[in-house]
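Asker:
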Amino acid sequence: MILSRAIARRGMGLRPTSALNPKSFASAKGRGVSFGRASLSTQLKGTTRMSTGIQLGRAYSTEAEDGEMDPTKQERMVEEADVVIVGGGPSGLSAAIRIKQNALKQNKDIRVVVLEKGPEIGAHILSGAVIEPGPLEELFPNWEELGAPLLQPALEDHMKFLTKNYAIPIPHPPTMSNHGNYIVSLSDVVKWLGERAEELEVEIFAGFAGSEVIYGDKGQVVGVATNDVGLDKNFKPKPSFERGIEIHGKVTLFAEGCHGSLSKQVINKYSLRDKDAFQAYGLGLKEVWEIDPAKHKAGTVVHTVGFPFSSDLYAGSFIYHMKD
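Numbering (UniProt numbering), first residue to last: 1 to 324.
#1: Out of Arg243, Val251, Val184, Gly230, which one is the CA nearest neighbour of Tyr215?
#2: Which residue marks the beginning of the beta strand (DSSP E) containing Val83, and which one marks its end?
#3: Just checking: is the beta-carbon of Glu145 within a distance shorter than 8 Å of some beta-carbon in chain D?
#4: Hey, could you find the ends of the beta strand (DSSP E) Val213 is sitting in?
#5: Tell me the DSSP secondary structure of Thr47 in three-state form.
#6: Along the chain, where does the beta strand (DSSP E) that runs through Ser240 open and close?
#7: Between the Cα of Gly122 and the Cα atoms of Thr304, Pro171, Ala206, which residue gives the shortest distance?
#8: With a threshold of 16 other CB atoms inside 10 Å of the CB of Pro119, please say whether the residue is buried or exposed.
#9: Please find out if some non-hydrogen atom of the ligand GTP comes closer than 7 Å to the beta-carbon of Thr175.
#10: How is Gln74 classed by DSSP in three states: helix, strand or coil?
#11: Taking the C-alpha atoms as reference points, what is the distance between Gly180 and Val130?
#12: By the three-class DSSP mapping on this structure, what secondary structure does Glu132 have?
#13: Please report the straight-line C-alpha distance between Glu199 and Cys258, rounded to a whole angstrom.
#14: Could I get the ranges of all uninterrupted alpha helix (DSSP H) runs contained in the segment 109 to 156, with 4 residues as the minimum, in chain order?
#15: I need the DSSP call for Ile267, collapsed to helix, strand or coil.
#16: Once you ignore the five residues that flank Gly306 on each side, which residues in its own chain have a CB closer than 6 Å to its CB?
#17: Report, in whole angstroms, the separation of the C-beta atoms of residue 345 and Tyr182, which I expect to be a contact under 8 Å.
#18: Considering only DSSP beta bridges, list what Gly306 is partnered with.
#19: Return the bridge partner residues of Val202 from the DSSP annotation.
#20: Quick one: Cα of Ala294 to Cα of Gly194, how far?
#21: List the whole-angstrom C-beta distance separating Val190 from Leu93, where the pair is believed to meet the contact cut-off of C-beta under 8 Å.
#22: Where does Ser263 land, buried or exposed, given buried means 16+ other C-beta within 10 angstroms?
#23: Which residues in the same chain have their Cβ closer than 6 Å to the Cβ of Asp292, if we skip the five residues on either side of it in sequence?
#24: Could you pull out every residue in the same chain whose Cβ sits closer than 6 Å to the Cβ of Lys297, ignoring the five residues on either side in sequence?
#25: Quick check: what's the CA-CA separation for Glu116 versus Ala209?
#26: Should Ser185 go down as buried or exposed, given a rule of 16 or more other Cβ atoms within 10 Å for buried?
#27: Give me the Cα-Cα distance between Asp312 and Lys164, rounded to the nearest whole angstrom.
#28: Can you give me the C-alpha to C-alpha distance between Glu290 and Gly128, rounded to a whole angstrom?
#29: According to DSSP, is Asn21 part of a helix, a strand, or is it coil?
#30: Taking the beta strand (DSSP E) that Ser91 belongs to, which residues open and close that run?
#31: Once DSSP output is grouped into helix, strand and coil, what is the label at Gly316?
#32: Inspect the beta-carbon positions of Ala96 and Val202 and report whether they are closer than 8 Å.
#33: Rounded to the nearest angstrom, what separates Val112 and Val78 at their Cα positions?
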């Protein structure tokens, strides 16, 4: 698994459990050692910070000495934070940044941890997008000086009704005007937000998917558990098995997107949708085309309705002419 730079810098103050063999924690002072992903700073406690490289690997056996212990039943190690955010997309990173900014204004040291299932920030953000810069300006009034990747202003808006053979121009709804907005790669924007978050000492655990919501003795959410890794197709541990960890927080924020698995667990447990309309979401398809330069007009935004969809289906398409 991959740890972000923030983790490598600050470590992960984890509490080892009885499932770990203390003998495996031989003195690491002054030399490179292979550690489990969840036990890195446990090894470093009481030692000087190592100047040599650390290879992240398994640090404990997947079997008890009698060979009968099921490693998937081992007690997880526990990481403590003030705020745990599940999802390293635009919402999760923006929340992490604002929390740290507010804490700094009050001279408080708030530990914020972001879990991101992708191997790196932005890996699961596939969409091109037209975004309004206002919210970004609230986070960073000097976003242009900081090099935010908002490179192509939206210059023209068009709305068209499609038939099988024709594209018919129709009036453009004012609500779909993109004047003042920017055509961006959302993946690039998210990567940039991740860099700004790390500068504020937000700890980003890239490559760690949330797999379970952890509840307290009163039924309250107290954190999440990350996924076990090293399981075969039958969910049996392989030699490379590593137990997930629990990350507890005073506040847990779910920012997984429109169809998050942990969010659904919380919604079902607390009956949050019993009196509400079901969430609507659809299947999106994205393609990036290279076209004749004579037909490319950077900054043009086109939305369509009609073909190939039936009249009873709420659907359409968009075309964004991005910067070369």
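The beta carbon of each residue, even a glycine, is placed where N, CA and C say it ideally should be.
It should be emphasised that the depicted structure is a prediction, and the values quoted were computed from it without experimental measurement.
Answerer: Considering the structure as presented:
#1: Val251
#2: 77 to 86
#3: The structure shown contains no chain D; it is built from a single protein chain.
#4: 210 to 215
#5: For Thr47, the pLDDT reaches just 28, beneath the cut-off of 50, and the residue's location in the model is therefore unreliable, leaving the point undetermined.
#6: 237 to 242
#7: Ala206
#8: exposed
#9: The model on display carries no ligand, and the ligand GTP is accordingly not part of it.
#10: coil
#11: 10 Å
#12: coil
#13: 28 Å
#14: 134 to 139
#15: helix
#16: Phe161, Leu162
#17: Because the chain in this structure spans residues 1 to 324, residue 345 falls outside the shown range and cannot be described.
#18: Leu162
#19: Note: Val202 sits in no beta bridge, so no partner.
#20: 36 Å
#21: 7 Å
#22: buried
#23: none
#24: His321
#25: 6 Å
#26: buried
#27: 17 Å
#28: 14 Å
#29: With a pLDDT of 33 at Asn21, under the threshold of 50, the modelled position of this residue cannot be trusted; read the value that follows with caution. If DSSP states are grouped into helix, strand and coil, Asn21 belongs with coil.
#30: Ser91 -> not in any beta strand (DSSP E); alpha helix (DSSP H) instead, spanning 90 to 105.
#31: coil
#32: yes
#33: 15 Å
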